[in-house]
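Which chain is which? The protein sequence lines are A and B, in order.
In short: position in the first sequence from 1, add 12, done, that's my numbering.
In short: position in the second sequence from 1, add 797, done, that's my numbering.
Heads up, the thing below is written out as structure tokens.
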Amino acid sequence: MLFNSYQFIFLFLPLVLATCFLLARHAGSDAAQLFLIAASIGFYAAWNVIYVPLLLGSITLNYMLARQMIKESSTPRRHALLIVSIAIDLTLLGYYKYTNYLLTTVNSLTGTHFEMAAILLPLGISFYTFQQITLLVDINRGQVKEFRFRDFLLFVIFFPHLIAGPIVHHREMMPQFARATWRFNWDNMAVGIALFSVGLFKKAVIADGLAVHITPLYSDANSGQVVSFVSAWAAAIGFALQLYFDFSGYSEMALGLARMVGIRLPMNFNSPLKATSIIDYWSRWHITLTRFLTAYLYTPMVMALTRHRMARRKKILAGARTTPEAFLMLVVIPTIVTMFLAGLWHGAGNQYLVVGLLYGVYITVNHLWRIYRPRFWKSQVSHDRVMGPVGFLLTFTGVLLTMVFFHVTSVPAGVNIVAGMMGVHGILLPQALAEHFPTLGRTLSSIGIQFGGQGVTEVLSTLCWIAVLLFIALGLPNTLEIMRNHDPAIIETAPSKLGQVPSIVRYLDRALIWSPSPRWAAVAVMMTGCGILALSRVSAFLYWQF
Amino acid sequence: MTTPTDDDILNTITQAFRDVFDDPSFTPTLDMSRQDEPRWDSMNHLNAFFALEAQYGIRFGVAEVEEVQRISDLVRLVHEKTSVI
């Protein structure tokens, strides 16, 4: 069941909310919590009931291992339990997600003909596997001493975040579950509906509306047709916007749904396309994935490598005096490994490895600049003044390249679009342009521009979509900034940063401050109405496939 | 060995960040968070910890490193680790 479906909006959600509030009022918070667990299982079963036992089995097994780890006083035995449990989790994830990818790779490398296994990827497995691993690792680190089974169950299975995140952390969820009343509350409902309505609008009206124009461009590239300059840029920018509105819309719907029953989920997006460096970008894009990768992969890896070098009296990072060898061992390797695995986590396909490697290289270059730049460009103030806009353009272009590989079905199709962006396939403009403006047509033809392909209306409407959405993504404050006075999410970003919106239109930032008022209620009604009207072309969230 | 005061610790932290950022004018306040300073990324975050480990002869765990979001968290953590009981 999708959040943007009639069944969810008109049946599941009202029924679940009404029952939850009634139970909380008449039978207590425990009954309401147990009901939400059952409702979440029902939500999952509506997609494919066959994988419910896998989900519940994974939770039960992880819970038993976690309890055992808490009881275990011997550190080596606790470590061993951790390794066993993570191995089981990753084996399950690996089996369902990567078996066919491995078979394909082996077949293509060795010429064998292993048949593909008929494996359907269990929905949300990448997300619930990660969430359970965070708890196990933190138990091993001594950060978790006690928790209740029903809180653990809801922590993994809570329907707003079960399928595609945000990847929640037990530290932020368990205390909320322990003190939740699950009762109806006007403030929570108003904020929840506002978040859900914006999310639905972003998903159903914007992302799906844009997809109509963008998907055919990728179909052409995937089928091997050369993509010319204008189409290639439209494909790259268009998909970057589509994915942003799709996934941030989904995340806001999740935030809103959780908030309706009084739970705050963590912020997942903070206007990523406004980033002025790639490191900045990853602190704004899919924030809960970034913090997971940093806390459970990058940091432990860098700390272990640094201590290893210190024990052997080798040089570690030392600002602008860092040696190339230390840079290689302590920056290049951990960054590339982390982003490579991040790419692989997103999907089983060589194109995702390209995405991971590209990000790894970008971040390495960004670190290289940050470390050595003070040697030749001492003034931080002049650096920030110049590199603000330059960094934005570099980051935006770099992100566009990765977005292309994120959406194609193979690496050659991605290369096809990137080559088109670089002008390799020439520039193709609509035929009607040359017919209506013959002089202009002749001039452009003389410099090698060709005419044909899509009609003027088609091209113009795609470009209009892109222009308007670029303005929204780059020029306006984001949903969480607009709602910042009402605590819409667990926000790790400092409030001062959320307030300092780098908007093109600054006065809009001041005008766009949400409050539970008739004006904003009208906006929510309008957005929900448009969203529901647009549901006739229902499509899955792009991130559900992961 | 005497327990360093919070001011001593803040001075050492300031110096550690100045070295890491290669910026002798960098002056953090106690309520500065990781999001307030663009150069305070995950790599420089770790570098500051290693500098403090060398300075005070203490050792931080991964969980402690991850918990620190503000300069004040770092001062409190170093204070706990260097307190003479």
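Every residue gets a Cβ at the ideal spot worked out from N, C-alpha and C, and that includes glycine.
Each residue's CA atom was taken as its position, placing L269/A and I205/A some 8 Å apart. Taking S52/A as reference, the option from F15/A, V471/A, T335/A and G40/A with the minimal CA-CA separation is F15/A.
Between I226/A and A247/A the beta-carbon gap is near 6 Å, inside 8 Å, which marks them as a contact. By the Cβ test, the segment 402 to 414 of chain A is in contact with the segment 286 to 302 of chain A, since at least three Cβ pairs between them sit closer than 8 Å.
Between the C-alpha atoms of L229/A and L255/A there is a straight-line separation of about 15 Å. Flagged as an interface residue toward chain B: D292/A, by a C-beta distance shorter than 8 Å.
Cα atoms of N200/A and V28/A: separation of roughly 16 Å, rounded to the nearest angstrom.
Close to chain A, meaning a Cβ-Cβ distance shorter than 7 Å, are the following residues of the segment 835 to 854 of chain B: P835, R836, D838, S839, M840, L843, N844 and F847.
Neighbourhood of A860/B in chain A, by CB distance below 8 Å: D150, R153, G154 and Q155, in chain order. G54/A: member of the alpha helix (DSSP H) spanning S41 to A57, first to last residue.
Closer than 8 Å to the CB of E877/B there is not a single CB belonging to chain A.
Around the C-beta of R303/A, 16 or more other C-beta atoms lie within 10 Å, and the residue is accordingly described as buried.
Proximity of V817/B to chain A, defined by a Cβ-Cβ separation below 8 Å, is satisfied. For the segment 377 to 410 of chain A, the set of residues with a beta-carbon nearer than 7 Å to any beta-carbon of chain B comprises H379, R382, P386 and Q392, in chain order. Where H498/A is concerned, there is no enclosing alpha helix (DSSP H), because DSSP gives it neither an H nor an E.
Among the CB atoms of chain B, none fall inside 8 Å of the CB of V61/A.
The beta carbon of F417/A sits closer than 6 Å to the beta carbons of Q363, V366, V367 and G426 from its chain, once the five residues preceding and following it are set aside; these are given in chain order. Neighbours of Y310/A across chain B, judged by C-beta separation under 8 Å: S839. An exposed status is given to I62/A, since fewer than 16 other beta-carbon atoms sit within 10 Å of its beta-carbon.
Across the structure, A192/A and A58/A are spaced so that their CA atoms are roughly 26 Å apart.
Contact between the segment 30 to 50 of chain A and the segment 109 to 121 of chain A is absent: fewer than 3 CB-CB pairs across the two stretches fall below 8 Å. The bridge partners DSSP lists for F33/A come to none.
Close CB contacts of V118/A within its chain, under the 8 Å cut and outside five residues either way in sequence, are with T124 and F126 (chain order). Taking 8 Å as the cut-off, the Cβ atoms of N197/A and M81/A do not count as close.
Between R276/A and D499/A, the gap from beta carbon to beta carbon is short of 8 Å. Pairing S243/A with G69/A gives a Cβ-Cβ distance that is not under 8 Å. For N282/A and F408/A, the gap between their C-alpha atoms comes out near 15 Å. Three or more beta-carbon pairs separated by less than 8 Å link the segment 173 to 192 of chain A to the segment 135 to 151 of chain A, which places the two stretches in contact.
Using beta-carbon distances, D820/B counts as an interface residue toward chain A, with a partner under 8 Å. When secondary structure is reduced to three states using DSSP, L440/A falls in the strand class.
A99/A places its beta carbon 8 Å or farther from that of F139/A.
Pairing I49/A with L135/A gives a Cβ-Cβ distance that is not under 8 Å.
Residues Y108, T111 and N112 of the same chain have their beta carbon placed closer than 7 Å to that of I131/A, with the five preceding and five following residues left out of the count.
Annotation: Cβ neighbours of V343/A in chain B (cutoff 7 Å, chain order): M840. A501/A has a beta carbon lying at 8 Å or more from every beta carbon in chain B. As computed with DSSP, F463/A is found in a beta bridge with L441/A.
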